[in-house]
Each structure stands twice: as structure tokens, then as C-alpha cells.
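For the sequence shown, my numbering gives the first residue as 3, with consecutive numbering after it. Inspection log for the structure reproduced underneath, given as C-alpha cells.
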Amino acid sequence: MTLSRISLRSAAESGLAQLAGVTTLSIDTGDLAVIKEYAETGLITDATTNPLFVSQAGLSGDPVYVAFVEDAIEYARAKAKGKDEIVALAMDKLAVNLGVAISKLVSGYISTEVDPRLSFDKDETLRRARRIIALYEEAGVPRERVLIKLAATWEGIAAMAELEKE
Numbered sequence: 003m004t005l006s007r008i009s010l011r012s013a014a015e016s017g018l019a020q021l022a023g024v025t026t027l028s029i030d031t032g033d034l035a036v037i038k039e040y041a042e043t044g045l046i047t048d049a050t051t052n053p054l055f056v057s058q059a060g061l062s063g064d065p066v067y068v069a070f071v072e073d074a075i076e077y078a079r080a081k082a083k084g085k086d087e088i089v090a091l092a093m094d095k096l097a098v099n100l101g102v103a104i105s106k107l108v109s110g111y112i113s114t115e116v117d118p119r120l121s122f123d124k125d126e127t128l129r130r131a132r133r134i135i136a137l138y139e140e141a142g143v144p145r146e147r148v149l150i151k152l153a154a155t156w157e158g159i160a161a162m163a164e165l166e167k168e
């Protein structure tokens, strides 16, 4: 006997409901339609993004995501100097643009990852984390809703300890 697609989905949703009864569920995707679908169930309250999801969204060709990319590039060109800093700011702004859209779909936290290439540079990790938080605040998302994901290296953990104090 095989399960139909509908009964598999029902089983998955039932399992999701059971999990939501004992813990907070965070959806790990950059697909706004998927986030909306699951957020509307009331089972998902938080969402997380990472550089892969941000790049997939940027390359999707979807007009919403294209607008996020264009805005991030325009913002970075206006605010940063030098090619490397423009690229870094555009990456952060793109992640925040996606996160801001997600914040309108979920009621809880939005997790955004600091560029993992900075895993061994505490000072730059701190600078970028603070900038991401400032970008969210600039967009109207309070810092209390933002979680910053950092690498679990010695430097990343030291940066986490410092950020926790703030």
C-alpha cells in the first residue's frame, strides 16, 4: 500500500503540529511563498536565512527578488566606497531585504547569517553583525526580532559574547 501525496502531506502537517506543541519552529528557507504558506498555519513563528538562500533568491528571476537585488546594489553604491566594501554592503543589504520581507510573514525572530568567510575575524564579524542589525532597524524591524548567526569558531564565539552584552 502506498500513501498518496495528500496523505503524506497530512502526516507531515500532523507531525509539524505535534512539534509546534512542544517547541518553537523556525522555517529555514528564503522562499517567501513557502514561508507564507507555513506561517499561515500558525505553527511556524520564526525564520532563518543564509547566504545560499539569499543567492538563490537573487538568481531566481522573480521580480520581487530582483527588486531586492537592485535595491541592495543601489544602496551599497550610494553608501560605500571601494569595490570590496560595496560588494560586502550589498550582500548584507540583500540579506536584510529578504529578512524584512520575511519579518512581515512571521511573528517571531528573523535569523540572518554574517558572511561565513569572516569566521576567524572577530572584529570584522562584529562590525558586520552590528551593520546587519542597523540595516534591519533602518528598515523598521526592531533589533529584538533579529538573531545574528555566527560561525562557532573561537572568534565567532568571542563576537557572540560581545554582541550578547549589547
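All C-beta atoms, glycine included, are put in the ideal place defined by N, C-alpha and C. Values in this document were obtained by computation on a predicted structure and should not be read as measured data.
Compute the distance between the beta-carbons of D94 and L152, then report whether it is under 8 Å.
Taking the C-beta atoms as reference points, L152 is found no nearer than 8 Å to D94.
What are the boundary residues of the beta strand (DSSP E) that V36 is part of?
Element bounds for V36: not the beta strand (DSSP E) but the alpha helix (DSSP H), 34-41.
Neighbourhood of A97 by C-beta, 8 Å cutoff - its chain only, sequence neighbours within 5 removed
These residues qualify, in order along the chain: T51, P53, V56, T114, E115, I134.
Distance check for R145 and E139, CA to CA, integer angstroms please.
About 6 Å.
Measure the C-alpha to C-alpha separation of G60 and A161 and round it to an integer number of angstroms.
Between G60 and A161, the C-alpha separation is close to 28 Å.
Length of the line joining the Cα atoms of K85 and A163
31 Å
Using beta-carbon positions only, say whether L100 and L128 come within less than 8 Å of one another.
no
Should R79 go down as buried or exposed, given a rule of 16 or more other Cβ atoms within 10 Å for buried?
exposed
Those residues which DSSP pairs with V148 across a bridge
I112
Where Y77 and Q20 are concerned, what is the direct C-alpha to C-alpha distance, given to the nearest angstrom?
43 Å
Just curious, the alpha helix (DSSP H) that A49 is in, first and last residue?
That residue, A49, is in no alpha helix (DSSP H); its beta strand (DSSP E) goes 46-50.
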